[in-house]
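Novice:
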Amino acid sequence: IILLLIVKFYNLPAGQSIYRITGLAMVNGKNATLETRIKPGDTITTGRDSELIFVIGGHAMLLRDQSQLAIESATALLITGLRLLNGKLLSVSRESPLRVETVTASIGIRGTGFYVESSPEQTYFCTCYGVTDVAAIADPGSIVTVTAQHHDRPLTILKTAERGQHIRNAPFINHTDQELALIETLVGRTTPFVFS
11 IILLLIVKFY
21 NLPAGQSIYR
31 ITGLAMVNGK
41 NATLETRIKP
51 GDTITTGRDS
61 ELIFVIGGHA
71 MLLRDQSQLA
81 IESATALLIT
91 GLRLLNGKLL
101 SVSRESPLRV
111 ETVTASIGIR
121 GTGFYVESSP
131 EQTYFCTCYG
141 VTDVAAIADP
151 GSIVTVTAQH
161 HDRPLTILKT
171 AERGQHIRNA
181 PFINHTDQEL
191 ALIETLVGRT
201 TPFVFS
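So the sequence shown is residues 11 to 206, counted in the working numbering.
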């Protein structure tokens, strides 16, 4: 039996970018509050046992504990990339293409929901839905294009491996469809799949 999830759309008040803060979150080195405005060019960090859910334009993100995220931009309004120096990020970005960079991976996002975990030795990446181009920084010839409907091909991108072996299939871990549904509602959308 398939159950349809009925989602209430959460509209943030005009000028507000943070939906929820749990624990400690900082934007450009200052403690974040619900009134803190997050914009392209900012750097966000979260503390131990912390989480931050926020929106920038058509992008909604859930940044987990002990993470550091730099939001790259070409202009004051347009996000061109995300640099996850360490930590865990769930994001929905269907409005415009962007690039996600970690220590071990460079990922082209073409309108998707995705989850990424970054550590010094490896990156875990799940194309929750949509299309992504995943490249290993240590082996530029290792490139994989993933087209996913529903978490079809999670990957691990290693810092050290034999040539051609830096990108490997991985299990589905550490994020949920309910979290994706929540952040999609923050930007007035629903997930492209129905889940039980």
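Note that CB positions come from ideal geometry on N, CA and C, so glycine has one too. The model shown is predicted, which means the values in this text are computed figures rather than measured ones.
#1: With R163 and N184 assumed to form a contact (beta carbons below 8 Å), what rounded beta-carbon distance in angstroms separates them?
#2: Excluding the 5 residues flanking V141 on each side, which residues of the same chain have their C-beta closer than 6 Å to its C-beta?
#3: Please identify the residue among L44, G39, A35, G198 whose C-alpha is closest to the C-alpha of G25.
#4: Counting C-beta neighbours from all protein chains within 10 Å, is the total for L190 16 or more, i.e. buried, or is it exposed?
#5: What three-state label does DSSP hand L26 in the structure shown?
#6: Could you check the C-alpha separation between V197 and G68 for me, to the nearest Å?
#7: Mind checking which residues open and close the beta strand (DSSP E) that includes I183?
#8: Nearest CA to the CA of K98: which residue from G118, A146, F135?
#9: Grouping DSSP H, G and I as helix and E and B as strand, with all else coil, what is Q132?
#10: If you drop the 5 nearest sequence neighbours on each side, which residues of the same chain put their C-beta closer than 6 Å to that of P3?
Specialist: This is what the structure holds:
#1: Your numbering for residue 163 matches position 153 in the sequence shown. Your numbering for residue 184 matches position 174 in the sequence shown. Not confirmed; about 16 Å, so no contact.
#2: For the purposes of this step, residue 141 is taken as residue 131 along the sequence shown, with counting starting at 1. Taken in chain order, the residues that qualify are R120, T157.
#3: Numbered from 1 along the sequence shown, position 15 holds the residue referred to as residue 25. Across the set L44, G39, A35, G198, the C-alpha of L44 shows the shortest separation from the C-alpha of G25.
#4: Reading the sequence shown from its first residue, position 180 is the one you call residue 190. Residue environment: L190 is assigned as buried (16 or more neighbouring CB atoms within 10 Å of its CB, all protein chains considered).
#5: For the purposes of this step, residue 26 is identified with residue 16 of the sequence shown, where counting begins at 1. According to the sequence shown, residue 26 is Gln rather than Leu. DSSP places Q26 in coil when its eight states are reduced to three.
#6: Taking the first residue of the sequence shown as 1, we reach residue 197 at position 187. Taking the first residue of the sequence shown as 1, we reach residue 68 at position 58. So the two alpha carbons sit approximately 6 Å from each other.
#7: Reading the sequence shown from its first residue, position 173 is the one you call residue 183. Neither: I183 is in no beta strand (DSSP E) and is coded neither H nor E.
#8: The count along the sequence shown starts at 1 and reaches residue 98 at position 88. Selected option, being the one with the closest Cα: F135.
#9: To locate residue 132, count along the sequence shown from 1; it is residue 122. The answer is strand: DSSP assigns Q132 an E or B state.
#10: Shown here, the chain extends from 11 to 206; a query on residue 3 therefore has no answer.
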